[in-house]
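Numbering (our numbering), first residue to last: 7 to 313.
Pasting the structure below:
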């Protein structure tokens with residue numbers, strides 16, 4: 007699956023050129039690739055599921071469809087603001103200087119590797135902060151609300167969180183000075199890997215775990231046991247997790263329950279999830295029996311309850 011994903015990323019520019027010759031607007035290749043990629047992964051989730059009961063029903067798909075739309079708008083808006091803000095702050099590539107001179111010389115493949123590595127460091131930092139800092143966790147908890155993983159909840163993020171990350175991503179890409187073909191490939195890489203990472207497909211990623219943030223690794227990140235879930239923060243690569251000591255790859259097969267361990271009674275529909283960060287006290291009170299449970303604390307002695 008990772009080879010196919012890499013083929014999509016590297017094949018985006020030939021498709022882009024073909025579409026542009028037929029009058030399509032710039033970066034239409036991403037819009038053409040996304041539905042095909044979703045459809046293929048959705049079919050494999052039905053044919054070769056990792057867990058049969060993880061495949062979503064209609065109500066859950068409606069919720070995640072709403073998040074897909076909201077998060078896309080929030081992230082793209084943030085990227086545009088970040089890309090425009092960087093020059094105003096004097097940190098964007100100018101006239102081929104600095105990163106703007108180096109990155110385009112790397113070619114499409116090298117440029118995407120560089121841009122993904124840079125973006126993933128930003129994502130890693132924000133993601134880890136979302137687990138270790140209470141105010142940020144109130145928003146990031148939306149992503150951990152599902153009790154099963156599949157391609158459709160890969161974009162279940164609070165739009166506030168997606169907007170912040172998108173703004174920083176836009177600034178990072180402006181600083182790097184990517185060429186247009188590199189932008190196209192980076193966009194496809196970012197728009198498609200999250201679905202592979204969250205897919206409910208029976209895969210054995212093996213040695214790829216040491217480079218990519220694979221489904222095998224990311225399922226542990228969604229464990230309701232905090233000592234297991236506060237790991238594997240990478241969006242595309244696992245390199246930063248290895249460097250900063252948050253890589254988690256136990257020898258046993260995946261056997262964890264998913265969700266927010268101290269909050270089993272958590273909103274599951276779109277508007278309830280959108281309002282969750284602003285109704286945190288009420289949600290905590292509703293889950294008082296598990297939030298303040300001594301047994302839960304004993305099971306995670308080195309991790310304090312997220313407030």
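Cβ coordinates follow ideal geometry from the N, Cα and C atoms, glycine included.
Within the same chain, Cβ atoms closer than 6 Å to the Cβ of residue 11 are found at 202, the five residues on either side in sequence being excluded.
Under the three-state reduction of DSSP output, residue 220 falls in the coil class, being neither helix nor strand. Residue 214 is positioned such that its CB atom lies no closer than 9 Å to that of residue 56. About 17 Å separates the beta carbon of residue 204 from that of residue 122, a gap too long to meet the 8 Å contact definition. DSSP lists 218 as the beta-bridge partner residues of residue 243.
Here residue 271 has 292, 293 as same chain residues with Cβ atoms under 6 Å from its own Cβ, once five neighbours each way along the sequence are excluded. Relative to residue 248, the option among 242, 238, 20 whose CA is nearest is 238. The residues 178, 182, in chain order, have a CB closer than 7 Å to that of residue 124 in the same chain once the five nearest residues on each side in sequence are set aside. Contact annotation, residue 117 with residue 188: C-beta distance approximately 4 Å; criterion of less than 8 Å satisfied. According to DSSP, residue pairing for residue 279 in a beta bridge does not occur. Contact check for residue 143 and residue 137: beta-carbon distance about 6 Å, within the 8 Å limit, so the pair qualifies. For a cut-off of 8 Å, the C-beta gap from residue 221 to residue 229 is around 14 Å, too long to register as a contact. When rounded, the separation of the alpha-carbon atoms in residue 231 and residue 17 is 40 Å.
Under the Cβ criterion (8 Å, minimum of three pairs), the region 151-171 does not count as touching the region 242-259.
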